[in-house]
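In the working numbering, the protein residues as written are 822 to 1000. What follows is a set of notes on a single structure, which appears directly below.
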């Protein structure tokens, strides 16, 4: 066999090439992903209620949320979703998707769940404490008053990603846990 020289191509000037060591990826599911690489990827592929402002990371900006309020007692966070949002599937983004995503993460109880459960969410109460008031209003009730900046910063974590409930449920396969 004759040896051949490797082929090289020049990267176009307007193209960014990135390389990652992906040996730390356990899952790309935001309810389970907690490693650096998976967090980087899921943070850029899923939408959340809020995000850090990329121009000033001391500020929180709406991603899916158009606005939010905190009750006077500091226990209830009410998020109004932007109108007309759709998932990549074409399904509309609703507050029910947000609530289901919180419920799913809490009930999966994988490593990143603590970011939500530290606010008093449990598998037994999550449907009451993280719920859709209507199609565009998501209400999140915490167990005690926290600094709103702390709560909102926690919601920027990838466990706060909003999943397309309809699409996930159409493609989920039942699994029986091992003893």
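C-beta atoms are modelled at their ideal positions from N, C-alpha and C, and glycine is treated no differently.
Practice prompt. Provide the residue span of the alpha helix (DSSP H) that contains residue 922, from first to last.
Written response: That run of the alpha helix (DSSP H) goes 916-929.
Fill in: the region 902-909 in contact with the region 960-980 per 3-pair CB rule at 8 Å
Using a Cβ-Cβ distance cut-off of 8 Å, the region 902-909 and the region 960-980 are not in contact, since fewer than three pairs of beta carbons, one from each stretch, lie closer than that value.
Fill in: Those residues which DSSP pairs with residue 898 across a bridge
Per DSSP, 891 and 961.
Discussion item. Between residue 888 and the ligand SAH, is there a pair consisting of the residue's CB and a ligand heavy atom that are separated by less than 8 Å?
Written reply: Only the bare structure without any ligand can be found here, which leaves the ligand SAH out of the picture.
Worksheet item: Considering only C-alpha positions, which residue in the set 926, 920, 872 and 861 is nearest to residue 839?
Response: In this structure, 861 is the residue among 926, 920, 872 and 861 with its C-alpha nearest to the C-alpha of residue 839.
Practice prompt. Note down, in chain order, each residue of its chain lying with its Cβ closer than 6 Å to the Cβ of residue 853, except the 5 sequence neighbours on either side.
Written response: Cβ within range, chain order: 931.
Discussion item. If you follow the alpha helix (DSSP H) that residue 875 is in, where does it begin and where does it stop?
Written reply: Here residue 875 belongs to no alpha helix (DSSP H), and DSSP marks it neither H nor E.
Item to complete: Would you list the residues sitting across from residue 869 in a DSSP beta bridge?
Response: According to DSSP, which records beta bridges pairwise, residue 869 is partnered with 982.
Discussion item. Can you find the residues in the same chain that come closer than 7 Å, C-beta to C-beta, to residue 934, ignoring five residues on each side of it along the sequence?
Written reply: Excluding positions up to five away in sequence, the list reads 926, 927 and 980.
Worksheet item: Does DSSP put residue 993 in a helix, in a strand, or in coil?
Response: DSSP places residue 993 in coil when its eight states are reduced to three.
Discussion item. Give me the DSSP bridge partner(s) of residue 881.
Written reply: Paired residues: 873.
Worksheet item: Less than 9 Å separating the beta-carbons of residue 917 and residue 953?
Response: Yes.
Worksheet item: Under a three-way DSSP split, which group does residue 952 fall into?
Response: Residue 952: strand per DSSP, three-state reduction.
Worksheet entry | Beta-carbon proximity list for residue 780, same chain, < 7 Å, skipping 5 on both sides | What is shown of the chain runs 822 to 1000, which leaves residue 780 out entirely.
Worksheet item: What number of angstroms, rounded off, separates the C-alpha of residue 910 from the C-alpha of residue 984?
Response: Each residue's alpha carbon lies about 11 Å from the other.
Worksheet entry | Rounded straight-line distance, which links the Cα of residue 895 to that of residue 865 | In a straight line, the C-alpha of residue 865 is about 30 Å away from that of residue 895.
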